[in-house]
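Presented below is the structure to which this report refers.
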Amino acid sequence: KEGVEYEFRVAGQNHIGTGQEAIKYMRTPEGPPTGPPTNISYHFQTPDIVCISWNPPAREHRNGQIVKYDILFHKKFDQNNIISRNTSHTKYVFTNLEENTEYVFHIKAYTSQGPGPNSEKNYNKN
């Protein structure tokens with residue numbers, strides 16, 4: 003499995019008994035995530051401020067340590083003006099939104115080896 007730390011324990015044994023254990027930790031090389039962030043939610047703090055939060059990809063899809071997230075955000079009917087933000091946290095606040103406007107956002111996670119897939123598009127309206 004990619005990006006996983008394993009513990010190896012070795013001890014010699016003979017007719018006298020078992021020797022002291024030697025312990026070695028090894029990490030497999032990382033790969034990009036194979037799954038998107040999960041449990042995405044949002045709430046409006048005011049009509050023009052929204053807080054988006056999420057969880058990292060499921061453990062079996064991380065393939066290493068998540069180092070950052072990209073959030074793509076735009077008005078539902080205006081895909082020419084996409085706002086892209088990155089963070090190492092699992093939440094982000096967007097400000098100065100237009101009232102009564104529907105927005106679309108999706109999130110992807112990164113390891114040191116690159117990005118994983120985008121989350122499903124999420125729609126919100128203030």
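Numbering-wise (the numbering used here), the sequence shown opens with residue 3 and increments by one.
For every residue, glycine included, the Cβ atom is placed at its ideal position computed from N, Cα and C.
For clarity, every value in this text was computed on a predicted model and none was experimentally measured.
Buried or exposed (CB count within 10 angstroms, at least 16 for buried), residue i
i	result
Tyr71	buried
Asn102	exposed
Arg64	buried
Pro31	exposed
Tyr94	buried
Gly118	buried
Ile25	exposed
Distance, residue j Cα to residue i Cα
i	j	result
Ile84	His108	11 Å
Val106	Pro59	20 Å
Asn120	Asn88	13 Å
Ile114	Pro35	Just to set this straight, residue 114 is Ser in the shown sequence, not Ile. So the two alpha carbons sit approximately 10 Å from each other.
Met28	Val12	14 Å
Gly33	His17	45 Å
Asn124	Lys3	30 Å
Glu62	Pro39	12 Å
Lys78	Ser55	19 Å
Asp80	Glu7	44 Å
His45	Glu104	13 Å
Nearest to residue i (by Cα), restricted to the options the options
i	options	result
Pro49	Lys78, Thr97 and Gly118	Thr97
His76	Val52, Gln47 and Pro31	Val52
Ile92	Lys78, Ala111 and Phe79	This sequence places Thr at residue 92; Ile is not what is there. The candidate whose alpha carbon is nearest that of Thr92 is Ala111.
Glu9	Glu23, Gly19 and Gln15	Glu23
Nearest-angstrom beta carbon gap, residue j and residue i [assumed within contact, 8 Å]
i	j	result
Gln67	Gly5	7 Å
Ser86	Leu74	5 Å
Asn57	Asn41	4 Å
Check: residue i C-beta below 6 Å from any heavy atom of the ligand NAP
i	result
Ile54	Questions concerning the ligand NAP fall outside what the structure shown contains, since it holds no ligand whatsoever.
Hey, which unbroken runs of the alpha helix (DSSP H) at 4 residues or more fall wholly within the segment 11-65? 61-64
Starting from the N-terminal side, write out each stretch of the beta strand (DSSP E) that is 3 residues or longer and does not extend beyond the segment 71-117. 80-89, 93-96 and 104-113
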